[in-house]
Each structure stands twice: as structure tokens, then as C-alpha cells.
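**Q**
In this note's numbering, the protein residues as written are -4 to 100.
In C-alpha cells, the structure reads:
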């Protein structure tokens, strides 16, 4: 959430779950979200949440879809794991979480 004039919320983000006491933010991606840049969007948006100390991101192991009559597959979990590994390895983008948990389903 971003606060503007007089402390009014200007930007709000909807997430799948949030544990107020522990500061755990949860995002679950499914379907087409596994194909797009949903993981990047979730990482950035959740980083902007006040009081989000931990981030849980759930991604399908793989996502199958049709394109031009062919069945294709993307490895959503592996791609997201690689993205998070690159972010932490580079140290150029500091995430504000004590921990990030990536769950494949």
C-alpha cells in the first residue's frame, strides 16, 4: 500500500492471504499466471506491502496450454525458482523479507 496526501491510501494490492500477526504474505498463481510475468509482479508488489516479513509464493510445477492447436508446457515452478535465485545471487535487488518460500504444486 502506498499512502498519499493526508495519509490516504493511493495504491492498494490484492493478495491471496496475509497473516497479520506473523507478517506472512501468500500469493498463489495458477493457470495463465504461470506463463506471464506473474512471479515478477508478485515479488515486486509483495515487497511493497507494509508489515510483510515473509513471502510465500505458490506456483504450479508445470502449466499445459494450447497454442495453434498444439499442446505446450511451461515449467512455471523451475522458472520462478531460477528468477528468485538470480535476484538473491545478484544482490542488486534487495528484497525486504526475512525469508521467501516457493512451493510447487
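C-beta: ideal position from N, C-alpha, C; glycine also.
What's the C-alpha gap between residue 30 and residue 59?
**A** Spanning the two alpha carbons is a distance of roughly 10 Å.
**Q** Residue 15: buried (16+ other C-beta within 10 angstroms of its C-beta) or exposed?
**A** So residue 15 ends up on the exposed side.
**Q** When you compare only the Cα positions, how much space is there between residue 77 and residue 64?
**A** In a straight line, the C-alpha of residue 77 is about 29 Å away from that of residue 64.
**Q** So, with DSSP's three-state summary, where would you put residue 13?
**A** Three-state DSSP puts residue 13 in a strand.
**Q** Is it buried or exposed for residue 37, if we count other Cβ within 10 angstroms and need 16 for buried?
**A** Burial call: buried.
**Q** Which word fits residue 34, buried or exposed, when buried means at least 16 other C-beta atoms lie within 10 angstroms of its C-beta?
**A** Buried.
**Q** In the DSSP assignment, what are the bridge partners of residue 20?
**A** 13 and 50, per the DSSP bridge assignment.
**Q** Give me the residue from 46, 39 and 62 with the minimum Cα distance to residue 52.
**A** Of the candidates 46, 39 and 62, the one whose C-alpha sits nearest the C-alpha of residue 52 is 39.
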